[in-house]
Amino acid sequence: MRLSVVVALIPLLMSAVSTTRTTACATLANLALNNRQAIIASDVVPTVVSKMFSAESDVAEKRAAALLLHNLLVDASADQVHEILRSGPTTECLAGLSALLIDSDEPTLMNVLHAFRAILAVDPSPKPYANLMEELGGLDSLELLQNHQSHQVYEATVLILVSYFALCEEEAEEDY
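If you read the sequence shown in my numbering, its first letter stands for residue 48, the second for the next number, and so on.
Shown next, in the form of structure tokens:
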């Protein structure tokens, strides 16, 4: 894929029309499935994070941004994950994803949980991503998700809590 395709979508992400922004982000999400490195190299992630996770963006825009981040992060190399997070505002990215842990539909929750797992799996010591996620309220939201009606959401949540937040499995299951 040529970088020019990705670059051509950037003005659409800045559109005043919500559906245009959502469609552009969803297009990037689809392109990311087979062109992860081109998307990363385009430096579009900061634009997506700042526009799609802003207070003015609607639910569809936030879902599209979560899908894009999911497609970029899941199965990415550690270097690619770090590059994605370094290329843009890490705090804004983790805050936007953390906010989606509250009142989202199951597919969006699963995208966010998988994105978090990809981030936390490469978190260097002393765990800056996990610490930042905790500061932003993401850990509290994860703990609440242990009561989610979907067993799939529950399992993904417990896996993150046990693997990356030093919560033993018995404690996680007690909350369920």
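We put the CB at the ideal spot given by N, CA and C, even for glycine.
May I have the straight-line CA-CA distance separating residue i from residue j, to the nearest angstrom?
i: D105; j: H195; result: 23 Å
i: A76; j: G184; result: 26 Å
i: L192; j: H117; result: 19 Å
i: K174; j: Y211; result: 9 Å
i: R228; j: I149; result: Outside the modelled stretch of the chain, which goes from 48 to 223, sits residue 228, for which no answer is possible.
i: V52; j: T74; result: 10 Å
i: R68; j: E108; result: 7 Å
i: A224; j: L144; result: Look at the range of the chain in this structure, 48 to 223, and you will see that residue 224 is not part of it.
i: Q84; j: L78; result: 10 Å
i: T155; j: L80; result: 17 Å
i: S197; j: E153; result: 8 Å
i: T66; j: I86; result: 21 Å
i: Y223; j: E190; result: With a pLDDT of 47 at Y223, under the threshold of 50, the modelled position of this residue cannot be trusted; read the value that follows with caution. Each residue's alpha carbon lies about 9 Å from the other.
Using a Cβ-Cβ cut-off of 8 Å (strictly less than) and excluding sequence neighbours within five positions of residue i, which residues of its own chain qualify?
i: T259; result: Examination of residue 259 is not possible in this model, given that the chain is present from 48 through 223 alone.
i: L56; result: A71, T74, L75 and V91
i: C215; result: Caution is warranted here: a pLDDT of 49 is assigned to C215, below 50, making its placement in the model unreliable, and the coordinate value is therefore given only provisionally. The residues are V209.
Take residue i and list the residues in its own chain whose beta-carbon comes closer than 7 Å to its own, dropping the five residues that flank it on each side.
i: C72; result: L60, V95, M99, E108, A111, A112 and L115
i: A165; result: L120, V121, A123 and V128
i: S188; result: S145, L148 and I149
i: M167; result: Residue 167 is actually Leu in this sequence, not Met. The residues are Y176, A177, I207 and Y211.
To the nearest whole angstrom, what separates the beta carbons of residue i and residue j, a pair I think is in contact under 8 Å?
i: V54; j: S89; result: 6 Å
i: V169; j: A125; result: 4 Å
By Cβ distance, which residues of its chain are closer than 6 Å to residue i, with the 5 residues on each side in sequence left out?
i: C140; result: V96
Check your understanding: Touching or not, the stretch 154 to 167 and the stretch 194 to 208, by the rule of three or more beta carbon pairs under 8 Å?
Key -> yes
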